[in-house]
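Residue numbers (the working numbering), protein chains in the order written: chain P, 2 to 468; chain H, 341 to 653.
For each residue, glycine too, the CB sits at the ideal point set by N, CA and C.
Predicted, not measured: the structure shown is a model, and the values here were computed from it.
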């Protein structure tokens, strides 16, 4: 009962103050040596060597049943280990010397560490960057093969859209949803049900154009989100994650076992998207490029919409819930309703993506596996929770990696590389590739023991804090 | 709090000075903003509130004092919906002639009725700016929804603008105008306390509950705080204050209710309460310990030291 220590140290926001400019090359050298051979530096060396060894193991030959340690022997004792040790050393130098280079890097960012800039002022700052990225995204398909563009739709684009939706749940409202892909499945099966008489056993009396299914799937997925959320959102952190995990499994099991959904055979022949409106007749066919542009347009619209949401009172209320649910409730934020809203919005985007996916290609229940849910969560965390651009970039990087690895490693091994990349990322850049400012501040505050950046974790337990 | 003190003199002393003499004095015509009757809150075998009756007149600054563990914060939590008492009723009347029963309502709907609170251990939204913290309070009364936010409707723009304006006014009121865009966690402790008050005021309360607002602040900040509390009460907001600092209580509160072991042991003006033998006993343990508890250094000064001060005696 420490009544006297009522004044906790106020933490500074900046993780470390940039070191003073070294006088010259000699001083720089001394500083570098000090950084490298300090206890922390040597520990980093250890981690880097471990990473190098892991990489060597991963890229080495597979083990055989007859010789269980064969893979280890080949990886460690073969000359190729040298390459990986060099990689480890370079990695170590980069990490250990990073603080010295930091002042140069962050010169332009110094202002961001001081007083927080008003949210309203942040609005147009990255507009130029966003436009440049959009232009790159528009011209990109012209330089890639058809197979690559197909992947840019099925792999990158769809998952970017899913990640944008899940970002509302994880990044804005701070809830961990591990069954997110279920809403994607709902969208896809809804499409099959409403647009075709033959795709799955169950069908709607009239076959609709897939475009009409967008609003239906949107609403159905949102309703499913509310139905799942209403009883479960009182749970927090890990408990919610487990319930959503179960929900994801249930939906996949139903898809796999129900005869209405055609079971494991999946849905064939869902019609492609087509427009017949005001004399315009256009059909999406097998060429992936038109799908790509449609998806791009939807992603851009969703990003704009969610950006507005984030900067509104809704977004602020989500941030409040994420940071301190009890205080938010006491400040008049209807926490349960807002969490439901986040769940419904996330789910509906997922359902939307499901329609796009289903109308493009064949699908079966395997696509809606747990692994897919985890992949979306990974993309969100990797790209930067709470940052729209971040999660899209996360999808581009991770799914790009998947495409690159496609012909290089067996499909079953692909997730090992994913895991390695994500682990390295979490060690050195836990806030993700393009972090959100709010999130970044939360993480940095949590490092100083204020607040709880890990919204995915448990409820606030600061009762034992000052007084 | 050491256990032998809790079990020892407390039980023996408290029974005569219990709430019995307190409740029948209710004049029916009084304009009460809070009328809590017979609140009983138990956690398993621990009775945290035992038949507490609290009558708070409109516009009044009422202080609730008591030793650590007396049930002050539990009482607050019952009034704000964080806890649900097993027995008793709480009527909250935001304006004369309109009364709501609060027991069983969710905290956010109670806030919406007009009860705002601060926390004993500051609970700001640390990674949001001072302005955003207050905005969240102000915006709970706004009407635009998610679709309005996405479409950027005129109403959304209007409410957004007025929300910022009102928040800045409130920051001005608590003296944080110069901190508008600063991260709330980076503010000094005393300013964080005031920011929490601004956030609570943002919700447009008729009743403001302050849970130890002076804890951990320095003497000059305490003076400012007393001034601020008076200003707030001057705008027609009733203030219910938990505070250990008796000097502050003496200077702002019109009436004081004293809790000990979950019971009301005294109620009256600060001067009356300080001379009440039951109160002195509650704080000192025994009456004839030494002469400190009498006229020149009333119980309040000991209270001002907070809990540990007493335990060391």
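With a threshold of 8 Å between beta-carbons, can residue i be considered close to chain P, or not?
{"i": "residue 546 of chain H", "result": "no"}
{"i": "residue 440 of chain H", "result": "no"}
{"i": "residue 447 of chain H", "result": "yes"}
{"i": "residue 402 of chain H", "result": "no"}
{"i": "residue 564 of chain H", "result": "no"}
{"i": "residue 653 of chain H", "result": "Confidence at residue 653 of chain H is low in this model, with a pLDDT of 39, below 50, so its placement is unreliable and the value that follows should be read with caution. Not an interface residue."}
{"i": "residue 523 of chain H", "result": "yes"}
{"i": "residue 686 of chain H", "result": "Since the first residue shown for chain H is 341 and the last is 653, residue 686 of chain H is missing from the structure and cannot be characterised."}
{"i": "residue 601 of chain H", "result": "no"}
{"i": "residue 498 of chain H", "result": "no"}
{"i": "residue 328 of chain H", "result": "The question about residue 328 of chain H has no answer here: the residues shown for chain H are numbered 341 through 653."}
{"i": "residue 468 of chain H", "result": "yes"}
{"i": "residue 735 of chain H", "result": "The shown model of chain H, from 341 to 653, leaves out residue 735 of chain H, and the question about it has no answer."}
{"i": "residue 512 of chain H", "result": "no"}
{"i": "residue 486 of chain H", "result": "yes"}
{"i": "residue 495 of chain H", "result": "no"}
{"i": "residue 437 of chain H", "result": "no"}
{"i": "residue 476 of chain H", "result": "yes"}
Identify every residue that forms a DSSP beta bridge with residue i.
{"i": "residue 378 of chain H", "result": "Partner(s): none; residue 378 of chain H has no beta bridge."}
{"i": "residue 455 of chain H", "result": "H:547"}
{"i": "residue 390 of chain H", "result": "H:380"}
{"i": "residue 435 of chain H", "result": "H:438"}
{"i": "residue 396 of chain H", "result": "H:374"}
{"i": "residue 608 of chain H", "result": "H:596"}
{"i": "residue 560 of chain H", "result": "Its beta-bridge partners do not exist; DSSP assigns none."}
{"i": "residue 364 of chain P", "result": "P:268"}
{"i": "residue 603 of chain H", "result": "H:600"}
Hey, is residue i's beta-carbon within less than 8 Å of any beta-carbon in chain H?
{"i": "residue 437 of chain P", "result": "no"}
{"i": "residue 327 of chain P", "result": "yes"}
{"i": "residue 335 of chain P", "result": "yes"}
{"i": "residue 320 of chain P", "result": "yes"}
{"i": "residue 313 of chain P", "result": "yes"}
{"i": "residue 68 of chain P", "result": "no"}
{"i": "residue 111 of chain P", "result": "Since pLDDT at residue 111 of chain P reaches only 40, below the 50 mark, its modelled position is unreliable, and the value read off the structure follows with that caveat. It does not: the Cβ of residue 111 of chain P has no partner Cβ on chain H nearer than 8 Å."}
{"i": "residue 223 of chain P", "result": "no"}
{"i": "residue 310 of chain P", "result": "yes"}
Figure out for me which residue from the options has the closest Cα to the Cα of residue i.
{"i": "residue 437 of chain H", "options": "H:398, H:481 and H:475", "result": "H:398"}
{"i": "residue 309 of chain P", "options": "P:321, P:254, P:252 and P:389", "result": "P:389"}
{"i": "residue 269 of chain P", "options": "P:301, P:328, P:209 and P:196", "result": "P:196"}
{"i": "residue 598 of chain H", "options": "H:410, H:375 and H:385", "result": "H:410"}
{"i": "residue 387 of chain H", "options": "H:421, H:491 and H:601", "result": "H:601"}
{"i": "residue 52 of chain P", "options": "P:231, P:429, P:312 and P:304", "result": "P:429"}
{"i": "residue 489 of chain H", "options": "P:290, P:305 and P:238", "result": "P:305"}
{"i": "residue 469 of chain P", "options": "P:31, P:36 and P:159", "result": "Not covered by the structure: residue 469 of chain P. The range shown for chain P is 2 to 468."}
{"i": "residue 355 of chain P", "options": "P:75, P:28 and P:194", "result": "P:194"}
{"i": "residue 549 of chain H", "options": "P:331, P:394, P:413 and P:367", "result": "P:331"}
What residue range does the alpha helix (DSSP H) around residue i cover?
{"i": "residue 354 of chain P", "result": "336–361"}
{"i": "residue 190 of chain P", "result": "182–196"}
{"i": "residue 407 of chain P", "result": "Residue 407 of chain P -> no alpha helix (DSSP H), and no H or E assigned at all."}
{"i": "residue 311 of chain P", "result": "289–312"}
{"i": "residue 536 of chain H", "result": "529–542"}
{"i": "residue 470 of chain P", "result": "Shown here, chain P extends from 2 to 468; a query on residue 470 of chain P therefore has no answer."}
Determine the burial state of residue i: buried for a count of at least 16 other Cβ atoms within 10 Å of its Cβ, exposed for fewer.
{"i": "residue 574 of chain H", "result": "exposed"}
{"i": "residue 249 of chain P", "result": "buried"}
{"i": "residue 83 of chain P", "result": "exposed"}
{"i": "residue 351 of chain P", "result": "buried"}
{"i": "residue 369 of chain P", "result": "buried"}
{"i": "residue 621 of chain H", "result": "buried"}
{"i": "residue 551 of chain H", "result": "buried"}
{"i": "residue 378 of chain P", "result": "buried"}
{"i": "residue 288 of chain P", "result": "exposed"}
{"i": "residue 282 of chain P", "result": "exposed"}
{"i": "residue 278 of chain P", "result": "exposed"}
{"i": "residue 473 of chain H", "result": "buried"}
{"i": "residue 260 of chain P", "result": "exposed"}
Terminal residues of the continuous beta strand (DSSP E) containing residue i?
{"i": "residue 598 of chain H", "result": "595–600"}
{"i": "residue 277 of chain P", "result": "275–278"}
{"i": "residue 281 of chain P", "result": "281–284"}
{"i": "residue 401 of chain H", "result": "401–405"}
{"i": "residue 201 of chain P", "result": "Looking at the DSSP string, residue 201 of chain P is not in any beta strand (DSSP E), and its letter there is neither H nor E."}
{"i": "residue 581 of chain H", "result": "578–582"}
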